[in-house]
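Enquirer: Going by the numbering used here, the sequence shown opens with residue 5, and the numbers climb by one from there. Take a look at this one; I'll ask things after.
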Amino acid sequence: MQEERGNEEATYRRPATGEKTMETGPARTVVRLMLTNRLSVAYLVLVAVVIAKAAVDSAGADDHGSDYAWLWPPLVTFPVYPLLSALGRTAWRPDTPNWFFVGTVVVSALLQSLVLGALRQAVLARHRRSVHSC
């Protein structure tokens, strides 16, 4: 199959007929921005390491030490985490389930990874335009 690129959207055509076989949709674009560039992957690895370290530290700590181990994941996902956490506190009031805490950290990391990917794409597109205009 040949790949043709135009205006940030990839379409695949059969060599013999030129018939379109697959188009890039918004879901694929979001996943590509979130998971396939170095900046986003590096950020997601950082968040995964922080969560793993918090899990290991809390398993071997006393009751109060385990609370401090889980302070770091929200800090690493800071700009988005407080907003999503506020939604959970609004829905469940004081007894928010533990799974919501970890889920909020993961969703916050994915949203920030998407923003990092979009920012990287915008910077690279601007750089390409400035290089081609010279």
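Ideal placement from N, C-alpha and C gives every residue a C-beta, glycine not left out.
Okay, do the segment 112-121 and the segment 37-47 touch, 3+ Cβ pairs below 8 Å being the bar?
Expert: yes
Enquirer: Considering only residues of the same chain and omitting the five flanking positions on each side of Ala73, which have a CB-CB separation below 7 Å?
Expert: Residue numbering aside, residue 73 sits at position 69 when the sequence shown is read from its first letter. Ala58, Asp61, Ser62, Ala65.
Enquirer: Which two residues bound the contiguous alpha helix (DSSP H) that contains Trp96?
Expert: Here the question's residue 96 lines up with position 92 in the sequence shown. Its alpha helix (DSSP H) spans residues 85-96.
Enquirer: What's the call for Leu37, buried or exposed, on a 16-neighbour Cβ count within 10 Å?
Expert: For the purposes of this step, residue 37 is taken as residue 33 along the sequence shown, with counting starting at 1. Answer is buried; the Cβ neighbour count reaches 16.
Enquirer: Pro88 to Ser112, Cα distance in whole Å?
Expert: The residue you call residue 88 lines up with position 84 of the sequence shown. The residue you call residue 112 lines up with position 108 of the sequence shown. The identity of residue 88 in the sequence shown is Leu, whereas the question assumes Pro. For Leu88 and Ser112, the distance between alpha carbons rounds to 7 Å.
Enquirer: Can you tell which of Arg32, Ala31, Ile55 has its C-alpha closest to the C-alpha of Val109?
Expert: Mapped onto the sequence shown, residue 109 falls at position 105. In terms of Cα proximity to Val109, the closest of Arg32, Ala31, Ile55 is Ile55.
Enquirer: Of all the options Thr33, Val127, Val34, Val80, which has the alpha carbon lying nearest to the alpha carbon of Val53?
Expert: Within the sequence shown, residue 53 is the residue found at index 49, counting from 1. For the residues Thr33, Val127, Val34, Val80, the minimum Cα distance to Val53 belongs to Val80.
Enquirer: Is DSSP giving Val119 helix, strand or coil here?
Expert: For this step, residue 119 is matched to residue 115 along the sequence shown. DSSP places Val119 in helix when its eight states are reduced to three.
Enquirer: What do you get for Pro77, buried or exposed, if any count of 16 or more other CB atoms within 10 angstroms of its CB means buried?
Expert: The sequence position of residue 77 within the sequence shown is 73, counting from 1. With 16 or more Cβ atoms within 10 Å of its Cβ, Pro77 is classed as buried.
Enquirer: Give the straight-line distance between the Cα atoms of Arg4 and Leu75, rounded to the nearest whole angstrom.
Expert: The structure shown does not extend to residue 4, since the chain spans only 5 to 138, so no value can be given for it.
Enquirer: Less than 7 Å between C-beta atoms, sequence neighbours within five positions excluded: which residues of the same chain meet that for Gly92?
Expert: Stepping through the sequence shown from its first residue, residue 92 is reached at position 88. Excluding residues within five positions, the ones whose Cβ falls inside 7 Å are Thr100, Phe104, Thr108.
Enquirer: Considering only residues of the segment 25-77, which uninterrupted alpha helix (DSSP H) runs meet the minimum length of 4 residues and lie entirely inside it, listed in chain order?
Expert: 30-39, 42-63, 67-73
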